[in-house]
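Chemist: Under this note's numbering, the first residue of the sequence shown is numbered 3, with each subsequent residue one higher. By construction, the Cβ of each residue, glycine as well, lies at the ideal position given by its N, Cα and C atoms.
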Amino acid sequence: MTAETVNPKAYPLADAQLSITILDLVQQAANYKQLKKGANEATKTLNRGISEFVVMAADAEPLEILLHLPLLAEDKNVPYVFVPSKQALGRACGVTRPVIACSVTSNDHSQLKSQIQQLKDAIEKLLI
């Protein structure tokens, strides 16, 4: 997937290195049961205030089906980021289907806390 084929509305889009880091953390979050898959579940975590950050797929068709998430995330002060591939996001989530959005949820007793914080900082740098 090249930058030209990605919808320009998919901003901020993670570069290749950051995408790998994001997908790796998503995979770990899935193992720790700290992951909600799908646009509807991600919306629920944002509304409930338990979302650490939201990851969306830039190749969702049509992209508008998940463009309510950045607005909601900004309202709730939650960082969000796009990755190029919904297929890769699905694999990282531990399912065989493509996933267009997922949300990593908060857990005070998690071993992922420091990694989540580092990634949130990296995502916020993209938004500047």
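Flag Tyr34 as yes when its Cβ comes closer than 7 Å to any non-hydrogen atom of the ligand ADP, and as no otherwise.
Modeler: Summarising the ligand content, the structure contains no ligands, and the ligand ADP is consequently not present.
Chemist: If you drop the 5 nearest sequence neighbours on each side, which residues of the same chain put their C-beta closer than 6 Å to that of Ala5?
Modeler: Since pLDDT at Ala5 reaches only 47, below the 50 mark, its modelled position is unreliable, and no value is offered.
Chemist: At 3 residues or longer, and completely inside the stretch 27-105: list those beta strand (DSSP E) runs for me, N to C.
Modeler: 37-39, 53-59, 82-85
Chemist: Kindly confirm or deny that the stretch 80-90 and the stretch 47-58 touch, where touching means at least three C-beta pairs closer than 8 Å.
Modeler: yes
Chemist: Would you mind stating whether Leu114 and Ala31 have Cβ atoms separated by less than 8 Å?
Modeler: yes
Chemist: Assuming contact is defined by CB atoms lying nearer than 8 Å, are Ala62 and Ile125 in contact in what I supplied?
Modeler: no
Chemist: Following the continuous alpha helix (DSSP H) through Lys11, name the residue where it begins and the one where it ends.
Modeler: No alpha helix (DSSP H) holds Lys11; DSSP gives it neither H nor E.
Chemist: Which same chain residues, not among the five before or five after Ser112, have their C-beta less than 7 Å away from its C-beta?
Modeler: Tyr34, Gln36
Chemist: Going by DSSP, what residues sit across from Thr107 in a beta bridge?
Modeler: Ser53
Chemist: Could you give the distance in angstroms between the alpha-carbon of Gln119 and the alpha-carbon of Leu128?
Modeler: 15 Å
Chemist: Note down the Cα distance separating Met3 from Gly92, rounded to an integer number of angstroms.
Modeler: The predicted position of Met3 is uncertain, since its pLDDT is 48 and thus under 50; a value taken from the coordinates is nonetheless stated next. Each residue's alpha carbon lies about 16 Å from the other.
Chemist: Check for me: the alpha helix (DSSP H) holding Gln125 runs from which residue to which?
Modeler: As written in the sequence, residue 125 is Ile, which differs from the Gln given in the question. First-last of the alpha helix (DSSP H) with Ile125: 115-129.
Chemist: Assuming the contact rule is C-beta atoms closer than 8 Å, Ala16 and Val85 should be a hit. Round their C-beta distance to whole Å, please.
Modeler: 5 Å
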